[in-house]
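Each residue of the sequence shown is one higher than the one before, counting from 4 in our numbering.
Below is one structure, written out as structure tokens; the observations come after it.
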Amino acid sequence: RSIFLSVISDPNLDSILFLAGVFAILADLYHPTIIFTVVGASAIALALLGLGVFGAPIVSIVLMMIGAIFIFLELKTHHGVSAIAGVIIFIVGFLLIFSLPSSTPAPSSAPSGSGTFIQIGVLTYTILGIVGGGGVLGSIYLYRVRETLMHRPPAQNPKAIIGKTGRLTSDLKAGEVATANIGAEDFTVTGSTDLPNGTLVRVKDIQGLRLIVEKAGE
């Protein structure tokens, strides 16, 4: 347990978990799957637990939460600005972890003169760059996904095929099924009369996934 708490109390790891969790949930809202939501929520929970164990300043955690809210506002704004603003606010909150006094007293075993502030190292700046770059790329990705969904042509009305003609590609027995090529696509068809392969047929109605056809001209 102590090893686990030691690992998740690293603010660098917590920042990645938190932001990754936010974008996982946001991506799940665009591509509905329960998996991303569960993974994202778990990542955020671990990040908050780690920040709590670490003793991160409350202001930092609040700013990171506000950043997450701005990222989720992207669902309403749809232009990428809210997500990028959220990432920036998140980064500010992350930096304040190293600039503000800890919300918990420093351990008595802490080295003399260490104080309550934490030195920002190369690893932190590297993580910061990864988080910022990943956030921007994630925002761009979600923006493009949204644009693709917005410009996707509406699904064709199944009833639109009624009245179209095609030819049987197999013999049709009354009440049974056969295949027909209609509008350059192959369909499973049925009908009330026997019709030989190659007969020109017209779609009369739709029955589930089958087309009800009749001989064209009837």
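No residue lacks a Cβ here, since even glycine has one placed at the ideal position from N, Cα and C.
- If you ignore the 5 residues before and after V216, its C-beta comes within less than 7 Å of the C-beta of A183, V192, G194, V204, R205, V206, K207, all in its own chain and listed in chain order.
- I47 is the residue among I37, T40, I47 whose C-alpha sits nearest the C-alpha of S18.
- In this structure, DSSP gives N15 a helical state, which the three-state scheme calls helix.
- Taking a C-beta distance under 7 Å as the contact criterion, S85 and L76 qualify as a contact pair.
- Contact between A88 and V25 is ruled out by a C-beta separation of about 13 Å, above the 8 Å threshold.
- Rounded to whole angstroms, the Cβ separation of V90 and V139 is 7 Å, and the two are in contact under 8 Å.
- Under the DSSP assignment, L171 falls in the beta strand (DSSP E) whose first and last residues are 168–171.
- Counting along the chain, I37 sits inside the alpha helix (DSSP H) bounded by residues 37–57.
- By the CB criterion at 7 Å, L16 and V56 fall outside the cutoff.
- Nearest Cα to G186 within the set I164, G201, T196: I164.
- Assignment of K176 by DSSP, reduced to helix, strand and coil, places it in the coil class.
- Per DSSP, the unbroken alpha helix (DSSP H) holding L66 starts and ends at 61–75.
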